[in-house]
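Mapping the sequence shown onto the UniProt record's numbering, position 143 (from 1) lands on 143, and the numbers just tick up by one. Notes follow the structure.
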Amino acid sequence: MVSGQSNHNHVHNPPAEVFPTFPPPESQSDDESRVWYQIKAEARRDAESEPALASYLYATVLSHSSLPRSLSFHLANKLGSSTLSSTLLYDLFVSSFTMHPTLRSAVVADLLAVEKRDPACVSILHCLLNYKGFLAIQAYRISHVLWLQNRRPLALALQSCIADVFAVDIHPAARIGKGILLDHATGVVIGETAVIGNRVSILHHVTLGGTGKDEGDRHPKIGDGVLIGAGATVLGNIIIGKGAKIGAGSLVLKDVPARTTAVGNPARLVRRDNEGEPVRNESDVFPGETMDHTSFIEQWSNYVI
1 MVSGQSNHNH VHNPPAEVFP TFPPPESQSD DESRVWYQIK AEARRDAESE PALASYLYAT
61 VLSHSSLPRS LSFHLANKLG SSTLSSTLLY DLFVSSFTMH PTLRSAVVAD LLAVEKRDPA
121 CVSILHCLLN YKGFLAIQAY RISHVLWLQN RRPLALALQS CIADVFAVDI HPAARIGKGI
181 LLDHATGVVI GETAVIGNRV SILHHVTLGG TGKDEGDRHP KIGDGVLIGA GATVLGNIII
241 GKGAKIGAGS LVLKDVPART TAVGNPARLV RRDNEGEPVR NESDVFPGET MDHTSFIEQW
301 SNYVI
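Given below as structure tokens:
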């Protein structure tokens, strides 16, 4: 395991301070600094309230100088093994975050997405340490960088580790935006030529797959702000339009227009959000942010419980 220096006094006796909702004024314009400041404050609070976690929180968070280093350490220890050392992975992750600032902004956007959309998320620290959907996405991002660098054997090895540890299988060639929530995450499968936009929310046991053994561009393209319910299967090189909603358990084999809800097996279109009305604000067309799974039910003329 990658090991940090121990300093239990530092953790058990943190400086007296009021737990902040926001960081000091000088860093409010820097999202990464603001989030990192809050994570460290939450770690100090939790270490003080639960001494059993003090050493763990010091090793994973408080001993590190930045969010990327903390995340790299945590991911490396999660994914490392006797044959793929956590030390090697830590160096790989840190260098990737250093060389690619867009990865860092995606980490922050994903953390804030979970905090905003998941009522079970009690803190940003909780997401950083315990949300396997968040961790799987960040590790995927590193594998994607490796894939683009033509380091494909290592990218695929990392994909296998992510699948083993987090039960999330994302091909390193897939392209995924930021502000992503994989809620619960278990059983999510995202194929090689899949494309996912920004501010998308995907629940557990969702498959973005192909329809056979043909090669080439064969996986779904998911627009910005889409919400995909638990157990949904979306197959083939089809387009799920911006702000669309896919109901839980649906099987989608054809394009879904923007701002449209699709449900069923095979899926049928149920409603078009705000049809005929002016769009008042962005949340009107972004169920991926509102996490509203059921607003379409009133449109079902034959809906029976």
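Built from N, CA and C at the ideal position, the CB exists for glycine as well.
Cα-Cα separation between residue i and residue j, rounded to whole angstroms
i	j	result
residue 238	residue 254	6 angstroms
residue 289	residue 183	12 angstroms
residue 292	residue 193	28 angstroms
residue 209	residue 250	14 angstroms
residue 105	residue 248	30 angstroms
residue 313	residue 142	Outside the modelled stretch of the chain, which goes from 1 to 305, sits residue 313, for which no answer is possible.
residue 295	residue 256	17 angstroms
residue 267	residue 122	35 angstroms
residue 74	residue 270	43 angstroms
residue 97	residue 64	14 angstroms
residue 86	residue 212	36 angstroms
residue 157	residue 165	12 angstroms
residue 126	residue 159	24 angstroms
Proximal residues to residue i (C-beta, below 6 angstroms), its chain only, five neighbours per side dropped
i	result
residue 176	196
residue 92	none
residue 287	227 and 245
residue 265	251
Which listed residue (the options) has its alpha carbon closest to that of residue i
i	options	result
residue 306	114, 265 and 143	Beyond the ends of the chain as shown, which are 1 and 305, falls residue 306; an answer cannot be given.
residue 162	180, 187 and 98	187
residue 180	118, 126 and 74	118
Cβ neighbours of residue i in the same chain (closer than 7 angstroms, five flanking residues each side left out)
i	result
residue 124	35, 38, 39, 42, 111 and 115
residue 32	67, 104 and 108
Test item: CB-CB of residue i and residue j under 8 angstroms
i	j	result
residue 76	residue 90	yes
residue 252	residue 230	no
residue 128	residue 71	yes
residue 234	residue 220	yes
Three CB pairs or more closer than 8 angstroms across the stretch 135-150 and the stretch 164-171: Touching, yes, given that three or more Cβ pairs across the two stretches are closer than 8 angstroms.
Stretch pair the stretch 46-53 + the stretch 131-146: three plus CB contacts closer than 8 angstroms: Segments in contact, no.
Three or more C-beta pairs below 8 angstroms linking the stretch 225-233 and the stretch 199-207: Judged by Cβ distances under 8 angstroms, the stretch 225-233 makes contact with the stretch 199-207, as three or more pairs qualify.
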